[in-house]
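Numbering (the numbering used here), first residue to last: -17 to 155. The C-beta atom is built at its ideal place from N, Cα and C for all residues, glycine as well. For clarity, every value in this text was computed on a predicted model and none was experimentally measured.
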Amino acid sequence: MELYEAIQKRRSIRKFKDKKIPQEVLERVLNAARLAPSAVNLQPWKFMVIRDPGTQKALVECTRGAKHLHLGMGDASIVACGNEEECYQRQGDYMKTFAIDVSIALDHMMLAAASEGLGTCWIGAFNEKKVKALLNIPDPWRVVGMTPIGYPNETPEFNGRKSLNEIVCYERW
-17 MELYEAIQKR RSIRKFKDKK IPQEVLERVL NAARLAPSAV NLQPWKFMVI RDPGTQKALV
43 ECTRGAKHLH LGMGDASIVA CGNEEECYQR QGDYMKTFAI DVSIALDHMM LAAASEGLGT
103 CWIGAFNEKK VKALLNIPDP WRVVGMTPIG YPNETPEFNG RKSLNEIVCY ERW
């Protein structure tokens, strides 16, 4: 699947088939995250692949009102983490870029998954302290996002997007 086709066809998937992802396919998807850009190329990320059903179920319990997302229902769940100490810290406003960098990498992964015929669903509603405790994630690592990943068992309708003229300005606001 071409990049633009993956972008156009990607949907948030909440129902998955009971089908294993071949390891080589999963590694191609993970490699897409590895190749993502980051501020000053620091690559402040680590991705945890959770395949154990018990751990996936425990992850679902860490979500905030997002239990309907079926985090543990794909073949795997991916927990995207960023190191808040090993990231570019912009001078002036002081903004740590690890969350931006990890988000870009996770999006690369999700688009690669779509191109492989896999489904994902970005999950940002979770209790970070509970996730870190469950998975033994040490400080200074932060959980930025999570996604189930697997073969879709649904074909959601397109929810629509704003037009370009609603979101793009040229030269001035």
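Residue state for Ile105 is assigned as strand, using DSSP reduced to three classes. Residue pairing by DSSP puts Met128 in a beta bridge opposite Val61 and Ile105.
For the pair Ile32 and Met128, the Cα-to-Cα distance works out to about 10 Å. The beta carbon of Leu117 sits closer than 7 Å to those of Met30 and Val61, all from its chain and outside the five residues before and after it, given in chain order. With respect to the 8 Å criterion, Ile(-5) and Leu93 are not classified as neighbours on the basis of their beta carbons. Within 10 angstroms of the beta-carbon of Leu100 lie 16 or more other beta-carbons, which makes it buried. Shown here for Val113: same chain residues with a beta carbon closer than 8 Å to its own, the five before and five after excluded, namely Leu41, Cys44, Val61, Ile119, Val125 and Met128 in chain order.
Across the structure, Glu68 and Ala115 are spaced so that their CA atoms are roughly 21 Å apart.
Per DSSP, Lys28 is one residue of the beta strand (DSSP E) stretching across Trp27 to Ile32. Counting along the chain, the unbroken alpha helix (DSSP H) around Gly36 starts and ends at Pro35 to Val42. Arg10 is not a Cβ neighbour of Pro138, given a cutoff of 8 Å.
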